[in-house]
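Since the structure comes first, as structure tokens, the remarks are kept for the end.
There are 2 protein chains.
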Amino acid sequence: MTDRASPPHASLGKTVSDQIRGQILDGKLKPGERLIEDRLSAELGVSRVPVREALQALSAQGLVLLEPRRGATVADVTPEVVAELVEVRALLEGLNARLAARRHDPAIIARLSDTLRRGNEAAGSASAEELASLNREFHSLLVEASRNSVLSEIMSGLRERTALAFSANGKLRARQDWKEHSSILAAVIEGDEELAGLLATRHVQNAADAFAQALMAAKAAN
Amino acid sequence: MTDRASPPHASLGKTVSDQIRGQILDGKLKPGERLIEDRLSAELGVSRVPVREALQALSAQGLVLLEPRRGATVADVTPEVVAELVEVRALLEGLNARLAARRHDPAIIARLSDTLRRGNEAAGSASAEELASLNREFHSLLVEASRNSVLSEIMSGLRERTALAFSANGKLRARQDWKEHSSILAAVIEGDEELAGLLATRHVQNAADAFAQALMAAKAAN
DNA sequence: CGCTGAAGCATTGTATACAATTGATACATC
DNA sequence: GATGTATCAATTGTATACAATGCTTCAGCG
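Taken in sequence, the protein lines are chains A and B. In terms of my numbering, the first sequence is residues 14 to 235. In terms of my numbering, the second sequence is residues 14 to 235.
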């Protein structure tokens, strides 16, 4: 039940966009799959107009590829794009962590600590979905902690795209992930900007490396 | 005549979006001004549907503020947001320049050199519009040179928003701007990643500082 | 004179209908 | 048998029409 989706009185376009985004991130819609407006509008019980709005929004976010006169498909995140994504996101997570350490907001830090605790508890036992949700929560709070709305918007898009790419990562790295989260948060609490930034950058790179290795191993097994 | 706008067979939504974007960046539409769908559709001779698409796209880019049930207004870039914008853009321009230095693509470097030459020639005499256009061209090529499509997309949005904020900057800093462009390009040609990155980051910060000072001076004059 | 509230208007949100384009299939031709 | 071409179905692009909402104005009352 990780679907909070959208508030009841938001415009339909947003509701639909959240629905589709959810299905993409959950893997119910697979990369390359066509998103036909008529089908979606019938499925969701709305007209094509909000569906089109949603598809455009998702396209702007990079989750959907929108080709003129040819329709929409779920974005296929190639290894090249993943590398680009990681390069940019690693840098920005670094900036974000530095800012969070500088701002040093006790209220958000408290919430981060709580999420961290739950993440550590869940790292062993919980389902992949729950782990993903906690992961999102941690990074989302961290973004909030930097108090930079521009950065925040950009990063939320990047996080979703990397999540899409790494969806198969599952529970394997959970323990290591939360270890790293822990040290990032510690640096933020200390107000050690440089360390927080470095750790956050490394965190992204480490996760990407681990994923690449897992991928290689899977290939070798075939 | 810096308007290349959109290719003739692109969808109307894109055409309209380019039109409105142009009017915003040219200052014909001022921050805070309401963008009423009916009026725009009448003015541009299309129905409201493409206009809505355009407004959403511009909203995703940050040039337009879209409030549910309340319509669209030209984004008002507050000093706080400018600071955030500069913080992020400075970092990303740094990464971009580093990558450009690493890639080191002769074809693009040749084009950059050409633009640089024209920019230096124009720095003294040309109109503000022409200078802005050359500036866009230089940075646009530089983004291309990094060969990172993710970075490229993000930065083009950021550049437009900073351009909107600094639109009043005009010719004052032109000479200094192109001096800095020149040294950035030199570092890129040398393949000196670190220097190129540093200079590019500084370039953004310098421009922002200069603008802030100009603003203060203008205030003091009142 | 200011305040409250209801009616009307301006504007956005959504649905339906039509036009235009693309991709596929079947057929004819070499 | 391969290749080109015409026709058709599926799908997207755009326009128009209607519904829902928020803002403004102004009458009535305190």
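Beta carbons are placed, not taken as given, at the ideal position from N, Cα and C, and that holds for glycine.
Straight-line gap, residue i to residue j (C-alpha atoms, nearest Å)
{"i": "residue 16(B)", "j": "residue 188(B)", "result": "The predicted position of residue 16(B) is uncertain, since its pLDDT is 38 and thus under 50; a value taken from the coordinates is nonetheless stated next. Each residue's Cα considered, the two are about 24 Å apart."}
{"i": "residue 159(A)", "j": "residue 152(B)", "result": "28 Å"}
{"i": "residue 53(B)", "j": "residue 68(A)", "result": "23 Å"}
{"i": "residue 79(B)", "j": "residue 82(A)", "result": "26 Å"}
{"i": "residue 119(A)", "j": "residue 126(A)", "result": "10 Å"}
{"i": "residue 142(B)", "j": "residue 184(B)", "result": "9 Å"}
{"i": "residue 20(A)", "j": "residue 140(A)", "result": "In this prediction, residue 20(A) has a pLDDT of 49, which is less than 50 and means its spatial position is unreliable; what the coordinates show is noted afterwards. Looking at the two C-alpha atoms, the distance is approximately 26 Å."}
{"i": "residue 58(B)", "j": "residue 28(B)", "result": "12 Å"}
{"i": "residue 230(B)", "j": "residue 36(B)", "result": "28 Å"}
{"i": "residue 177(B)", "j": "residue 46(B)", "result": "14 Å"}
{"i": "residue 42(B)", "j": "residue 233(B)", "result": "27 Å"}
{"i": "residue 110(A)", "j": "residue 206(A)", "result": "7 Å"}
{"i": "residue 32(B)", "j": "residue 175(B)", "result": "19 Å"}
{"i": "residue 30(A)", "j": "residue 48(A)", "result": "12 Å"}
{"i": "residue 34(A)", "j": "residue 116(B)", "result": "35 Å"}
Local conformation of residue i per DSSP, three classes
{"i": "residue 84(B)", "result": "strand"}
{"i": "residue 263(A)", "result": "Nothing in the structure corresponds to residue 263(A), since chain A is present only between 14 and 235."}
{"i": "residue 42(B)", "result": "coil"}
{"i": "residue 48(A)", "result": "strand"}
{"i": "residue 224(B)", "result": "helix"}
{"i": "residue 151(A)", "result": "helix"}
{"i": "residue 29(B)", "result": "helix"}
{"i": "residue 160(A)", "result": "coil"}
{"i": "residue 194(B)", "result": "helix"}
{"i": "residue 127(B)", "result": "helix"}
{"i": "residue 165(A)", "result": "helix"}
Proximity below 8 Å, CB of residue i to CB of residue j
{"i": "residue 191(A)", "j": "residue 235(A)", "result": "no"}
{"i": "residue 204(A)", "j": "residue 114(A)", "result": "yes"}
{"i": "residue 164(A)", "j": "residue 211(A)", "result": "no"}
{"i": "residue 216(B)", "j": "residue 197(B)", "result": "yes"}
{"i": "residue 85(B)", "j": "residue 94(B)", "result": "no"}
{"i": "residue 44(B)", "j": "residue 88(B)", "result": "yes"}
{"i": "residue 124(A)", "j": "residue 154(A)", "result": "yes"}
{"i": "residue 99(B)", "j": "residue 218(B)", "result": "yes"}
{"i": "residue 112(B)", "j": "residue 161(B)", "result": "yes"}
{"i": "residue 186(A)", "j": "residue 223(A)", "result": "yes"}
{"i": "residue 26(A)", "j": "residue 66(A)", "result": "yes"}
{"i": "residue 104(B)", "j": "residue 104(A)", "result": "yes"}
Spatially closest choice to residue i from the options, by CA coordinates
{"i": "residue 213(A)", "options": "177(A), 156(A), 174(A)", "result": "156(A)"}
{"i": "residue 220(A)", "options": "230(A), 170(A), 179(A)", "result": "179(A)"}
{"i": "residue 72(A)", "options": "95(A), 118(A), 173(A), 60(A)", "result": "173(A)"}
{"i": "residue 181(B)", "options": "117(B), 90(B), 169(B), 51(B)", "result": "90(B)"}
{"i": "residue 51(A)", "options": "44(A), 193(A), 60(A), 141(A)", "result": "60(A)"}
{"i": "residue 148(A)", "options": "36(A), 48(A), 117(A), 194(A)", "result": "194(A)"}
{"i": "residue 23(A)", "options": "63(A), 144(A), 232(A), 93(A)", "result": "63(A)"}
{"i": "residue 166(B)", "options": "118(B), 66(B), 186(B), 102(B)", "result": "102(B)"}
{"i": "residue 146(B)", "options": "26(B), 39(B), 199(B), 47(B)", "result": "39(B)"}
{"i": "residue 122(B)", "options": "41(B), 228(B), 34(B), 200(B)", "result": "200(B)"}
Beta-carbon separation (whole angstroms), residue i vs residue j, contact threshold 8 Å
{"i": "residue 128(A)", "j": "residue 106(A)", "result": "Wrong, their Cβ atoms sit about 16 Å apart, outside the cutoff."}
{"i": "residue 137(A)", "j": "residue 74(A)", "result": "In fact, because the Cβ distance is near 33 Å, the residues do not count as touching under 8 Å."}
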